[in-house]
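Peer 1:
2 protein chains.
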Amino acid sequence: MDRAPRGQGPGFAGHRRGRTAATDGGPVGLSTIQNVARATIDPTPLTQVRRHPDRACYERDAIYAILDEGLVCHLGFVAGGRPWVIPTMYARKDDFIYIHGSPASRMLKRSASGANICLTVTLLDGLVLARSVASHSMNYRSVVVIGRAELVKHNDQKLEALRALVDHVIEGRWEDARQPTAKELKATMVLRLNLSQASAKVRQGPPVDSVSDQSLQFWAGEIPIKLRPGKPIPAPGLRDQVSPPSYVRDYHR
Amino acid sequence: MDRAPRGQGPGFAGHRRGRTAATDGGPVGLSTIQNVARATIDPTPLTQVRRHPDRACYERDAIYAILDEGLVCHLGFVAGGRPWVIPTMYARKDDFIYIHGSPASRMLKRSASGANICLTVTLLDGLVLARSVASHSMNYRSVVVIGRAELVKHNDQKLEALRALVDHVIEGRWEDARQPTAKELKATMVLRLNLSQASAKVRQGPPVDSVSDQSLQFWAGEIPIKLRPGKPIPAPGLRDQVSPPSYVRDYHR
Chain A
492 MDRAPRGQGP GFAGHRRGRT AATDGGPVGL STIQNVARAT IDPTPLTQVR RHPDRACYER
552 DAIYAILDEG LVCHLGFVAG GRPWVIPTMY ARKDDFIYIH GSPASRMLKR SASGANICLT
612 VTLLDGLVLA RSVASHSMNY RSVVVIGRAE LVKHNDQKLE ALRALVDHVI EGRWEDARQP
672 TAKELKATMV LRLNLSQASA KVRQGPPVDS VSDQSLQFWA GEIPIKLRPG KPIPAPGLRD
732 QVSPPSYVRD YHR
Chain B
492 MDRAPRGQGP GFAGHRRGRT AATDGGPVGL STIQNVARAT IDPTPLTQVR RHPDRACYER
552 DAIYAILDEG LVCHLGFVAG GRPWVIPTMY ARKDDFIYIH GSPASRMLKR SASGANICLT
612 VTLLDGLVLA RSVASHSMNY RSVVVIGRAE LVKHNDQKLE ALRALVDHVI EGRWEDARQP
672 TAKELKATMV LRLNLSQASA KVRQGPPVDS VSDQSLQFWA GEIPIKLRPG KPIPAPGLRD
732 QVSPPSYVRD YHR
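Each protein sequence line maps, in turn, to chains A and B. Using the numbering used here, you'd call the opening residue of the first sequence number 492 and step up by one each time. Using the numbering used here, you'd call the opening residue of the second sequence number 492 and step up by one each time.
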């Protein structure tokens with residue numbers, strides 16, 4: 492039986508401990524019902540978190556919330572016998588993750604071939620400074636999704652996926668921009684990956700020093716970290732009368 | 492000959508164009524000199540950027556600057572015939588990337604086995620809104636490093652690597668925390684990956700709409716995005732007289 496190599500979070504020196512996400516295997520009886528949104532994505536031997544299992548989270552809402560907050564995923568695939576990890580944009584809609592790009596992209600060609608892929612989203616929430624170097628860590632929320640992607644072929648489904656991709660990044664933008672032409676749609680490959688094999692890993696809260704380290708005179712605590720938008724920069728040549736819409740002015744994540 | 496699958500940056504719908512990093516293959520004569528820090532990391536068939544080659548960057552300083560700014564990398568490896576992508580902390584020191592963790596971590600065990608790995612760092616700089624949905628994009632700087640990692644065995648080299656890891660995240664912290672014990676050092680595995688096979692991809696600047704789209708009445712421009720620190724949160728039980736040091740109060744990236 493294969494074991495999931497969820498070996499690391501981005502802790503920063505050696506041992507790491509801390510408050511972690513609640514885990515909930517969910518009511519066992521429900522897991523036999525197909526095609527019903529369950530409260531958990533039940534872990535499999537491949538998706539179960541092995542390292543720091545106390546940080547594991549299998550709750551569907553929590554996993555989806557992380558995916559919905561992220562802007563970029565890192566997509567892993569094997570090509571030429573080697574692993575590759577490429578950043579790309581994504582969106583979740585219902586129980587699928589959508590990705591897209593040029594049909595000439597090897598990342599997409601490999602993903603469309605039915606090969607296994609791994610799609611990871613990481614949100615960094617803070618730096619965790621302990622008195623001991625070895626107890627330093629980071630607060631983060633990450634999701635790993637594995638599986639085989641499938642090609643989205645029909646134009647109406649592709650359009651819906653592209654709308655999801657744009658509105659995932661900036662809600663409301665799809666309706667307020669020039670829609671894709673048939674030619675543009677044809678030049679875009681869209682894939683989707685079922686969220687049936689996914690798990691999250693979460694670390695939050697303060698540093699955890701041993702009792703003896705707690706008496707040391709070093710500062711300890713968290714530095715919260717957040718992605719923040721700056722002041723919008725109008726495109727050169729933007730017509731004077733076009734002011735930034737509210738989804739631009741009030742952008743936040 | 493294998494081709495590098497640098498198929499995507501995190502653009503957000505279909506075609507993407509824009510101002511991109513200068514590319515410079517470097518003086519050909521220098522590339523035959525070994526063991527001298529060269530201005531470029533010459534691309535190989537595996538590291539050459541194929542998709543959006545106008546966004547490629549092979550300048551060593553630029554690649555190192557991206558690596559030095561990032562906090563988390565995404566490490567790709569193959570296990571059980573599948574690709575896995577795990578977020579982890581890293582640091583660059585000279586021409587190596589260091590990673591670390593528990594010897595029980597499969598990510599580290601696989602990486603230490605001599606198998607090929609791929610380590611990717613992505614900095615998101617902004618959202619790029621074009622008049623046309625298909626020209627939307629993101630501004631980003633990413634680096635992909637490939638190769639085989641090697642185990643850092645000697646304690647003094649491990650200590651130097653751990654110092655690099657801590658100070659990469661927060662400069663000055665190593666000296667201002669309790670150093671690792673021999674036991675903690677033994678319980679931490681450290682690996683390094685040579686930066687001889689690395690390339691960067693950079694998109695910056697405004698959206699690029701076709702001339703006909705430029706007359707459309709939609710707002711277009713950039714929303715800059717930056718990781719920002721919040722107010723430090725002292726650990727519970729922190730002694731009253733310990734105030735946050737300047738590297739905490741003035742933390743920035």
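Just so it is clear, CB atoms sit at the ideal spot from N, CA and C, and this is done for glycine as well. Predicted model, so just to flag it, every value in this text is computed and none were measured.
#1: What's the gap between the Cα of E675 of chain B and the Cα of P723 of chain A?
#2: Let me see if you follow: with CB-CB separation under 7 Å, is A512 of chain B close to chain A or not?
#3: Please report the Cβ distance between N607 of chain B and I588 of chain B, rounded to the nearest whole angstrom; I am assuming they are in contact, meaning their Cβ atoms lie under 8 Å.
#4: For T538 of chain A, go through chain B and note every residue whose CB falls closer than 7 Å to its CB, in chain order.
#5: Just the chain B side, please: which residues come within less than 8 Å of D667 of chain A by C-beta, in chain order?
#6: Using C-beta distances below 6 Å, list every residue in its chain close to I524 of chain B, excluding the 5 sequence neighbours before and after it, in chain order.
#7: 7 Å is my cut-off, CB to CB: does P578 of chain A come that close to chain B?
#8: Using the C-alpha atoms, what's the distance from A689 of chain B back to L537 of chain B?
#9: I need the straight-line Cα distance from D616 of chain B to L653 of chain A, nearest angstrom please.
#10: Looking only at DSSP bridge pairs, what is H591 of chain B linked to?
#11: Taking its Cβ as the centre, do 16 or more other Cβ atoms sit within 10 Å of R683 of chain B, making it buried, or is it exposed?
#12: Comparing C-alpha positions only, which one of B:D704, B:S633 and B:G567 sits nearest to E550 of chain B?
#13: For chain A, find out if any of its Cβ atoms is closer than 7 Å to the Cβ of N685 of chain B; answer yes or no.
#14: How many Å lie between T672 of chain B and S593 of chain B at the Cα?
#15: How would you call H565 of chain A, buried or exposed, if buried means at least 16 neighbouring beta carbons within 10 angstroms?
#16: When DSSP labels each residue in this structure, what does I661 of chain A get in the three-state scheme?
#17: Below 8 Å on the Cβ atoms is my contact criterion, and I expect R694 of chain A with S623 of chain A to pass it. Report the Cβ-Cβ distance as a whole number of Å.
#18: Does DSSP classify S734 of chain B as helix, strand or coil?
#19: What are the residues in the segment 553-571 of chain A lying within 7 Å of chain B by C-beta distance?
#20: Evaluate R542 of chain B with the Cβ neighbour count: other Cβ atoms within 10 Å of its Cβ, from every protein chain shown; 16 or more gives buried, anything less gives exposed.
#21: Starting from the C-beta of N685 of chain A, find all residues in its chain whose C-beta is less than 7 Å away, skip the five residues before and the five after it, and write them out in chain order.
#22: Report the neighbours of V693 of chain A on chain B: residues whose CB is nearer than 7 Å to its CB, in chain order.
#23: Which term fits D647 of chain A, buried or exposed, when burial requires 16 or more other beta carbons within 10 angstroms of its beta carbon?
#24: So, at 6 Å on beta carbons, what are the nonlocal neighbours of D658 of chain A in its own chain, with the 5 sequence-adjacent residues on each side left out?
#25: Alpha carbon to alpha carbon, how far is P715 of chain A from Q732 of chain B? Give it in angstroms, no decimals.
#26: Return no unless some Cβ of chain B is closer than 7 Å to the Cβ of R719 of chain A.
#27: Around the C-beta of P578 of chain B, are 16 or more other C-beta atoms found within 10 angstroms, so that it is buried, or is it exposed?
#28: Compute the Euclidean distance between the alpha carbons of E662 of chain B and R744 of chain B, then round it to the nearest angstrom.
#29: So that I know if they touch, is there some Cβ in chain B lying closer than 7 Å to that of S604 of chain A?
#30: Looking at the unbroken alpha helix (DSSP H) that takes in A553 of chain B, where does it start and where does it end?
#31: Please list, in chain order, all residues of the same chain as T679 of chain A whose beta carbon is under 6 Å from its beta carbon, the five residues on each side excluded.
Peer 2: Taking the geometry as given:
#1: Between the C-alpha atoms of E675 of chain B and P723 of chain A there is a straight-line separation of about 47 Å.
#2: Note that A512 of chain B scores a pLDDT of 44, beneath 50, so its modelled location is shaky and nothing firm can be said.
#3: The Cβ separation is near 14 Å, so there is no contact.
#4: The contacting residues do not exist; T538 of chain A stays about 11 Å from chain B at best.
#5: F709 and W710
#6: Only weak support is given to the placement of I524 of chain B: the predicted model assigns it a pLDDT of 46, under 50, and the value that follows is read from those uncertain coordinates. The answer is none, since no qualifying residue turns up.
#7: yes
#8: 9 Å
#9: 22 Å
#10: B:V681
#11: buried
#12: B:S633
#13: By this cut-off, N685 of chain B is not an interface position.
#14: T672 of chain B and S593 of chain B have their C-alpha atoms spaced approximately 15 Å apart.
#15: buried
#16: coil
#17: Contact between R694 of chain A and S623 of chain A fails: their C-beta atoms lie close to 17 Å from each other, not under 8 Å.
#18: S734 of chain B falls in the coil class under three-state DSSP.
#19: L562, V563, H565, G567, F568, V569, A570 and G571
#20: buried
#21: D586, F587 and G638
#22: Neighbours of V693 of chain A on chain B: none; closest Cβ ~12 Å, over 7 Å.
#23: exposed
#24: When the five nearest sequence neighbours on each side are left out, the beta carbons in the same chain lying within less than 6 Å of the beta carbon of D658 of chain A are those of W665, in order along the chain.
#25: Those two C-alpha atoms are separated by around 22 Å.
#26: yes
#27: buried
#28: 10 Å
#29: no
#30: R551 to E560
#31: H591
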